[in-house]
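Accompanying notes for the structure given below.
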Amino acid sequence: MSRAQREIVISDGKALRMYCCGPTVYRDAHVGNLRTFLLGDLISRLVQVSGFSMHNVQNITDVGHMVDDLHEPREAPSEEDKVLTQAAMEHKDPFTLARSYEAKFHKDIARLGIRSFDIYPRASESIELMFALIQKLIDSGHAYVGEDESVYFSANSFESYGALSGNKLEELVPGHRYEYVGDGAKRFHADWALWKAAGERTEMVWESPWGRGFPGWHIECSAMSLHYLQSHVDLHLGGIDLRFPHHENERAQSNAATLSEVTDHWVHGEHLLFEGRKMSKSAGNVLLLEDLVQAGYDPLALRLVFMENRYRSQMDLNWEQISAAHGTLQRWRSKYQEWSKAELHNDQAIVAELIESIFEPLRADLDTPKALLKLRAIERDANISDRTKAQVFESVDKFFGLDINRVEVAKELPAAAEELLTTREQARKERDFARSDQLRDQLLELKIKVIDGPSGQSWEVIP
RNA sequence: GGUCGGAUGGCCGAGAGGCGAGGCUCAGGACUGCAAAUCCUGCUACACGGGUUCAAAUCCCGUUCCGACCUCCA
Numbered sequence: 046m047s048r049a050q051r052e053i054v055i056s057d058g059k060a061l062r063m064y065c066c067g068p069t070v071y072r073d074a075h076v077g078n079l080r081t082f083l084l085g086d087l088i089s090r091l092v093q094v095s096g097f098s099m100h101n102v103q104n105i106t107d108v109g110h111m112v113d114d115l116h117e118p119r120e121a122p123s124e125e126d127k128v129l130t131q132a133a134m135e136h137k138d139p140f141t142l143a144r145s146y147e148a149k150f151h152k153d154i155a156r157l158g159i160r161s162f163d164i165y166p167r168a169s170e171s172i173e174l175m176f177a178l179i180q181k182l183i184d185s186g187h188a189y190v191g192e193d194e195s196v197y198f199s200a201n202s203f204e205s206y207g208a209l210s211g212n213k214l215e216e217l218v219p220g221h222r223y224e225y226v227g228d229g230a231k232r233f234h235a236d237w238a239l240w241k242a243a244g245e246r247t248e249m250v251w252e253s254p255w256g257r258g259f260p261g262w263h264i265e266c267s268a269m270s271l272h273y274l275q276s277h278v279d280l281h282l283g284g285i286d287l288r289f290p291h292h293e294n295e296r297a298q299s300n301a302a303t304l305s306e307v308t309d310h311w312v313h314g315e316h317l318l319f320e321g322r323k324m325s326k327s328a329g330n331v332l333l334l335e336d337l338v339q340a341g342y343d344p345l346a347l348r349l350v351f352m353e354n355r356y357r358s359q360m361d362l363n364w365e366q367i368s369a370a371h372g373t374l375q376r377w378r379s380k381y382q383e384w385s386k387a388e389l390h391n392d393q394a395i396v397a398e399l400i401e402s403i404f405e406p407l408r409a410d411l412d413t414p415k416a417l418l419k420l421r422a423i424e425r426d427a428n429i430s431d432r433t434k435a436q437v438f439e440s441v442d443k444f445f446g447l448d449i450n451r452v453e454v455a456k457e458l459p460a461a462a463e464e465l466l467t468t469r470e471q472a473r474k475e476r477d478f479a480r481s482d483q484l485r486d487q488l489l490e491l492k493i494k495v496i497d498g499p500s501g502q503s504w505e506v507i508p
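Here it is as structure tokens:
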């Protein structure tokens, strides 16, 4: 364990094993969640473009994740399950609700150009795996059954607890942010539940060797990652907020069960702010990918904005950046089409060199801003032939995933606009420029931008 | 209170002892009937106070301010 940047190694020499903490499917994933999910895609693409195999897993948390910000003002941690709470609010069966948000999650990541992982195991379908893991931890003395029939992990039993997050057990006592409500069945304040007794709860509960109940959040990821990645994780990904307690606890569980350091690398994506503030329901600034699409932007513009910022820096998103990225994307696609028509030069060595100059900062530290900077420099460089530019852009897009070779298809034109365009074309022929300018303004109100070129007018729908 | 990050031009943001990142906005120019797009040019900054050095945005000491995490979260 160290906090330094280290070279990533494929431990079995075959495929890089990566585990990403996935969504809790009780609501739509906002763009901040998506930024972290994108990080998994960028790593996967980089590994694959570099010629290595990838084995990646992302879990779906559909049970056991406790409520956080559904209540205002913030109170002590609630003993309610996020999925159950939301299901009650929407008057739906919890599993139906979870599956519908899971489907939305898949739709969103697809629109962001995130390629599917190998497997998306669901927590609710991994209960047996958790039983086995919990039993193992009880047998080895790392976990105990409390008086309330819940099973707890004993934080003190794991020697290096805190190594990941930098927390020390004795300093965790204060619970500075809220009055810690003592949980009678725990033997130590920092212990956490692996299995929770059902109590009054009737939905999403399972019969276990310790009684009826449901799994704790942290054990889910340990169970699924150990099972699907054969007890070793080369790279474990998640949002920075998961570093503690989620990943700290996960590490303790997994390591204690396997007597090994299960995860080689922990990579944490930094948080995204929107218009200067953390996205939250109470602040009313939660941005969904759907909002962006509704506003007329290409979802891949968001992908570009994210890549223009470092994954481990906090970033502040705003509409201006989205709009700028949307414009850049359009320009690149249009230039790519032009460049592709240019004469072919035999300069494969230059192409390879330019491509390498882009991948170099990516391999060093997934430095997407620097890589994009080089790409922009190539775009502008008059000494590089157009066809070479096309080849470079096409090649590096396997990593960037911006659909550079997409031919923009004209959007549906409102009927009213069609007529205005015809009239305007006529007015221009007659050199009635006052009339044509007036029509251009009218079209702009309909979100149609008219462009006059050497071969006549053309138009596009603007966001 | 503990731990960890920051502070750079109108705005966003890299960089990490000498060689002016880049983007956005804005202004000027080319092109255009005019716009738009595109291209060219311009705006030249490193929180504050000390210190080290031939040379500091960068290193050291101190100060101020901001943010994150501290058993909710991507």
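The numbering of the first sequence is our numbering, which starts it at 46 and goes up by one.
Think of the CB as a built atom: it goes at the ideal place given N, C-alpha and C, for glycine as much as any other residue.
> Sorted by chain position, which residues of the same chain lie with C-beta nearer than 8 Å to residue 502's C-beta, five sequence neighbours on each side aside?
Replying inline: 466, 469, 470, 473, 495, 496
> Could you give the distance in angstroms between the alpha-carbon of residue 483 and the alpha-carbon of residue 331?
Replying inline: Near 39 Å, if we compare the C-alpha coordinates of residue 331 and residue 483.
> Would the beta-carbon of residue 431 fall within 9 Å of that of residue 365?
Replying inline: In this structure, residue 431 sits away from residue 365, with a CB-CB distance that is not shorter than 9 Å.
>> Quick check: the Cα distance between residue 344 and residue 131, rounded to an integer number of angstroms?
In response: Rounded to whole angstroms, residue 344 to residue 131 spans 27 Å at the Cα level.
>> Can you list, in chain order, the residues of its chain with a C-beta nearer than 6 Å to that of residue 225? Leave out the 5 residues immediately preceding and following it.
In response: Model confidence at residue 225 stands at a pLDDT of 41, short of 50, so the residue's coordinates are unreliable and nothing is read from them.
>> According to DSSP, residue 506 sits in a beta bridge with which residue or residues?
In response: Looking at the DSSP assignment, residue 506 forms a beta bridge with 493.
> What are the boundary residues of the alpha helix (DSSP H) that includes residue 299?
Replying inline: First-last of the alpha helix (DSSP H) with residue 299: 293-303.
>> Let me confirm a value: residue 485 is counted as buried when at least 16 other C-beta atoms fall within 10 Å, else exposed. Which label applies?
In response: buried
> Span of the alpha helix (DSSP H) holding residue 438?
Replying inline: DSSP places residue 438 inside the alpha helix (DSSP H), whose first and last residues are 431-445.
> What three-state label does DSSP hand residue 488 in the structure shown?
Replying inline: helix
>> By the three-class DSSP mapping on this structure, what secondary structure does residue 470 have?
In response: Helix.
> Pick from 304, 287, 452: whose alpha carbon is nearest that of residue 69?
Replying inline: Taking only the C-alpha atoms, the option nearest residue 69 is 287.
>> Rounded to the nearest angstrom, what separates residue 57 and residue 137 at their Cα positions?
In response: 44 Å
> With 16 other CB atoms within 10 Å as the buried threshold, where does residue 304 fall?
Replying inline: exposed
> Where does the unbroken beta strand (DSSP E) through residue 309 begin, and where does it stop?
Replying inline: 308-314
>> Just list the residues that DSSP pairs residue 106 with in beta bridges.
In response: 69
> Are residue 444 and residue 377 touching if we call contact CB-CB under 9 Å?
Replying inline: no
>> Quick check: the Cα distance between residue 298 and residue 351, rounded to an integer number of angstroms?
In response: Rounded to the nearest angstrom, the gap between the Cα atoms of residue 298 and residue 351 is 33 Å.
> Can you tell me where the alpha helix (DSSP H) with residue 87 in it begins and where it stops?
Replying inline: 76-94
> Grouping DSSP H, G and I as helix and E and B as strand, with all else coil, what is residue 279?
Replying inline: Reduced to three states, the DSSP call for residue 279 is strand.
>> To the nearest angstrom, how far is the alpha carbon of residue 493 from that of residue 379?
In response: 18 Å
> Is residue 263 helix, strand or coil by DSSP?
Replying inline: In this structure, DSSP gives residue 263 a helical state, which the three-state scheme calls helix.
>> Within the continuous alpha helix (DSSP H) that includes residue 152, where are the two ends?
In response: First-last of the alpha helix (DSSP H) with residue 152: 139-156.
>> So for residue 126, helix, strand or coil by DSSP?
In response: strand
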